[in-house]
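Here's the structure, in C-alpha cells; my notes come after.
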Amino acid sequence: MQVIDPANEFPRSLAKTLIHEGGYSNHVADPGGATMRGITQRVYDEYRRSIGLGPLPVKNISTSELQAIYRKRYWNLAKCDKLARGVSYVVFDGAVNSGVGQSVKWLQRALQAMGLYQGAIDGVIGQGTLLAAAGVNDNDALVARICERRMAFFKALKTFKTFGKGWSASVNGVLSVGQAWATGSVGPEIEYVAGGDAKAFISDAKPAPTMGAADASTGGGVGSGGIAVTLEQVRDQLTPYSYGSELIGKVVAGLIIVGAVLTIGGGLAYRWWANRRNQERLDALDLQTKAAA
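Straight run, no breaks: the sequence shown in the numbering used here ends on number 293.
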C-alpha cells in the first residue's frame, strides 16, 4: 500500500485543479452561476456565513479563503487523504466540478467494475469504499475507469453540447496527471481550456426519451407516420370495389395486414429504442443504485 503524505497531496492537487477552473466566469449556461477559480457564489456565501462573516462578491475571494473552502468542502469530505496518490487528485478534481457525491459514485463504479466493491453506489465514501480502494493493485487502471465514468456522465448532460469540448480536454488532462502520479512519476502540465471550468451537475441531465410517440397508437414510429396513413387511405378507396373483385379483396386484406404491422411494429421498435437509451442514460448518471449481487 502507498504511504500517503496528505500535507503534499492536497496543495499539488489543488494547484492542478485551479488551472482547469480558470478565473472568473458567469456563463449563462453554467449551472454554477458566478464562479471564481472554481468557487461559486453560493458556496462562497455559505462559507462566509459559517465563519460569521457577511456576503461578498465571489470575485473578491482571498487565497486563504479559497484554500480553506477547497480543503474543507471537497478534499476532506471526499476523504482524499485516505486515497492513493493520483487517485486522490482525480476524485478531488471530480468533486470540485460535479460535487463530492457524484465523484465518489464514479470511484465506486470504477471499483465495482474491477471486482473490488459490492456495496451501494450511493456517493458516500465509507469504510467499504475505502477498503476496496486500498485493495487496488493497479491504480492507473482505477484512474482510467473513474475518468471513463466521468466522461459518460458529461455526455448524458444537456449542457454537453456547450461545454463538451472543454470538459473532454479537462478530463484528458486529469487522466494523464492522475496516472503519472499513481505510478510515482512527475505529472505533465495541465492547461486551461475554455469551457472546461463549467460546472457539471446531475440537475442538467438530458430528459428520458418520451414514450408519447409509441403510445399514440400502440406504437408510434413508422406506424403513426406517413406510410401507415397512406396505406389506410388507399385501403379505404379500394374497399368499395373489393366486394365484386376477389383480387381487390385480397389487396385490401393485404393492406390491412401491412398497416397493422407497421403500426404495431414501429411502435414496439421505438419503445425498445427508447428503453435502451434511457437505460444508458441512467447508467451514465449513476441513478441505478442497487448493490451488485
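Positions of the beta carbon are idealized from the N, C-alpha and C atoms, including for glycine.
Asked: Can you tell me whether N269 is helix, strand or coil according to DSSP?; Found: As written in the sequence, residue 269 is Ala, which differs from the Asn given in the question. If DSSP states are grouped into helix, strand and coil, A269 belongs with the helices.
Asked: Between V124 and the rest of its own chain, which residues show a CB-CB distance below 8 Å, the 5 nearest in sequence each way excluded?; Found: G101 and V104
Asked: For L157, which of helix, strand or coil comes out of DSSP?; Found: strand
Asked: Quick one: is Q279 buried, meaning 16 or more other Cβ sit within 10 Å of its Cβ, or exposed?; Found: exposed
Asked: Note down, one range per segment and in chain order, each beta strand (DSSP E) of at least 3 residues found wholly within the segment 3 to 58.; Found: none
Asked: Judging by CA-CA distance, which residue of A205, D140, D204 and L56 is the nearest neighbour of T183?; Found: D140
Asked: Rounded to whole angstroms, what's the CA-CA distance from I19 to N275? Just pull it up for me.; Found: 40 Å
Asked: From the DSSP output, read off the bridge partner residues of A205.; Found: L157
Asked: Quick one: residues in its chain with C-beta nearer than 6 Å to the C-beta of C147, no 5 flanking neighbours on either side, listed in chain order?; Found: V171 and L175
Asked: Between F10, Y24 and M114, which lies nearest to Q93 when the distance is taken from Cα to Cα?; Found: The displayed chain sequence assigns Asp, not Gln, to residue 93. Here the closest residue by C-alpha is F10.
Asked: Pick helix, strand or coil for K82, following the three-state DSSP scheme.; Found: helix
Asked: Hey, how far is the Cα of Y74 from the Cα of M36?; Found: 16 Å
Asked: Between R301 and the rest of its own chain, which residues show a CB-CB distance below 7 Å, the 5 nearest in sequence each way excluded?; Found: This structure gives no information on residue 301, because the portion of the chain shown stretches from 1 to 293.
Asked: Inspect the beta-carbon positions of G166 and A200 and report whether they are closer than 8 Å.; Found: no
Asked: For Q288, which three-state DSSP category applies?; Found: coil
Asked: Measuring straight from C-alpha to C-alpha, what distance separates A29 and F154?; Found: 14 Å
Asked: Do V177 and V87 count as a contact pair if the criterion is CB distance below 8 Å?; Found: no
Asked: Would a C-beta distance cut-off of 8 Å place V91 and L116 closer than the cut-off?; Found: no
Asked: Can you grab the Cα-Cα spacing for the pair G294 / G32, in whole Å?; Found: The chain is shown from 1 up to 293; residue 294 falls before or after that span and cannot be answered.
Asked: In this structure, does DSSP put T183 in helix, strand or coil?; Found: coil
Asked: Just how far apart, CA to CA, sit Q179 and Y89?; Found: 10 Å
Asked: Below 8 Å on the Cβ atoms is my contact criterion, and I expect M114 with V136 to pass it. Report the Cβ-Cβ distance as a whole number of Å.; Found: 7 Å
Asked: K79 and L130 - do their beta-carbons sit closer together than 8 Å?; Found: yes
Asked: Would you report the Cα separation of K296 and Q118, rounded to the nearest angstrom?; Found: No answer is possible for residue 296: it lies beyond the span of the chain, which begins at 1 and ends at 293.
Asked: Using only the alpha-carbon positions, how far apart do A169 and F163 sit?; Found: 10 Å
Asked: Note down, in chain order, each residue of its chain lying with its Cβ closer than 7 Å to the Cβ of R277, except the 5 sequence neighbours on either side.; Found: P209
Asked: Given this structure, state the Cα-to-Cα distance separating N26 from L268, to the nearest angstrom.; Found: 44 Å
Asked: Between which two residues does the alpha helix (DSSP H) carrying S98 extend?; Found: V87 to S98
Asked: Just curious, the alpha helix (DSSP H) that G128 is in, first and last residue?; Found: Q127 to A134
Asked: Measuring alpha carbon to alpha carbon, tell me which of I61, T159 and Y192 ends up nearest T40.; Found: I61
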